[in-house]
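Numbering (the numbering used here), first residue to last: 1 to 397.
The beta-carbon is built from N, C-alpha and C at its ideal position, and this holds for glycine as well.
Being a predicted model, the structure only gives us computed values, none of them experimental.
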Ligand code: ADP
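Given below as structure tokens:
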């Protein structure tokens, strides 16, 4: 039997088909620029890589294209070979503390959360509907980005706003990247050879989207993203923490509409806003003292350091700091800059170990460092497959 994992973004769809028992990958791929004129498909199967430009007007089409290909290649003969499908769902609001099998009621709740994740939840829901239509008997599971943070203490998840905004309007900090933080936490416990219930870490997911998470005894007790993924660290195109009054000022005195401010803060800020580029490789290669690329990196790194300091105080005792995501996994330079000057927190890197890059897990702390430092390549799809399997097996007992 197989488990299919669907990870839909606002205009992309990543998928992996796993053999259910050993969770090895049968095939995988990416459909990009869905809804635009230059959509494309990349499909890996055994040693074969298929790449083509193809018209993909909507997410449901993307899923149909994907299924056609899987059958054409003979990877599946019948849909009944799929034990279940796990969907990454970005926002589970305050309802879901863990993954859940999707039924009408769950689907209705996901629709209710669209205003909280307007770019992502509609794409996730479209995929679920498309599969229900194609294969009504197929069991589908929603795995939430927010669920791992569900047990944050109220003093961390609440904003200092009046009570009714929390109780009635559900305005609170939810946090995201939960599958990634939870995956790297489990991996680090294996490296440390320590029980999850005894382990405290700071997890740094640094990609285009970026978030920090304080994990105490296996529970997320704080994280940098908030009600939406806009809060916290500086990201590829998102500003992260700002004074909310900037929004009033832009609207009242600079003539920006609310939609324009939304686009500005989510799509045209962060590294892109600071230096016109959001690819950290290219920014690093152009950085020189005093120029805008160097400043963008300095601001990006400075914000991460502040969160490390804050989460050291939150956790009191930290076993390890973990770097993951495209930047965390691949940029030894950013890792070095983040850890630089943190001797006061007893964080010291081993320069040579830090130079490793790529797809493997490794540590890069020096002997004198009390806090261990790791790179753990994230594997959100594997975590989704695992959780999907657990949910479906649990239900079928
Ligand atoms: P997303 O949040 O969209 O999943 P990723 O986790 O793929 O983003 O991270 C994208 C970021 O990773 C980009 O800033 C990119 O520059 C950076 N990145 C990817 N590969 C490398 C590399 N080999 N060296 C340095 N940075 C890299």
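Residue environment, residue i, which counts as buried when at least 16 other CB atoms sit within 10 Å
i           : result
residue 223 : buried
residue 46  : exposed
residue 62  : buried
residue 77  : exposed
residue 124 : buried
residue 6   : buried
residue 396 : Any reading at residue 396 must be qualified, since the residue scores a pLDDT of 40, below 50, and its modelled position is unreliable; no value is offered.
residue 173 : buried
residue 145 : buried
residue 212 : buried
residue 43  : buried
residue 84  : buried
residue 258 : exposed
residue 120 : buried
residue 302 : exposed
residue 304 : buried
residue 269 : buried
residue 193 : exposed
residue 229 : buried
residue 164 : exposed
residue 21  : exposed
residue 378 : buried
residue 147 : buried
residue 387 : buried
residue 226 : buried
residue 335 : buried
residue 354 : buried
9 Å Cβ cutoff met for residue i and residue j
i           : j           : result
residue 3   : residue 389 : yes
residue 347 : residue 376 : no
residue 179 : residue 384 : yes
residue 57  : residue 35  : yes
residue 239 : residue 206 : no
residue 329 : residue 357 : yes
residue 271 : residue 300 : yes
residue 218 : residue 196 : yes
residue 295 : residue 333 : no
residue 70  : residue 17  : yes
residue 40  : residue 31  : yes
residue 91  : residue 116 : yes
residue 95  : residue 59  : no
residue 186 : residue 391 : no
residue 184 : residue 203 : yes
residue 349 : residue 315 : no
residue 188 : residue 171 : no
residue 29  : residue 208 : no
residue 406 : residue 237 : Nothing can be reported for residue 406: it is not among the residues displayed for the chain, which extend from 1 to 397.
residue 220 : residue 182 : yes
residue 87  : residue 142 : yes
residue 337 : residue 297 : yes
residue 234 : residue 214 : no
residue 191 : residue 8   : no
residue 112 : residue 127 : no
residue 81  : residue 1   : yes
residue 331 : residue 252 : no
residue 277 : residue 293 : yes
residue 318 : residue 307 : no
residue 137 : residue 64  : no
residue 232 : residue 241 : yes
residue 53  : residue 38  : yes
residue 15  : residue 66  : yes
In DSSP terms, what residue i is bridged to
i           : result
residue 160 : DSSP lists no partner for residue 160.
residue 214 : 202 and 222
residue 45  : 27 and 48
residue 32  : 40
residue 266 : Answer is none; residue 266 lacks a bridge partner.
residue 15  : 6 and 29
residue 143 : 88
residue 53  : 40
* Write down every uninterrupted run of the alpha helix (DSSP H) in the stretch 80-130 whose length is 4 residues or greater and which is fully enclosed by it, in chain order. => 104-112
* To do: Only counting runs of 4 or more residues, tell me where the alpha helix (DSSP H) segments fall wholly within the stretch 235-284, in order along the chain.
  => 245-254, 258-267 and 270-275
* Asked: Which whole runs of the alpha helix (DSSP H) in the stretch 320-390 are 4 residues long or more, in chain order?
  -> 325-330, 332-339 and 351-354
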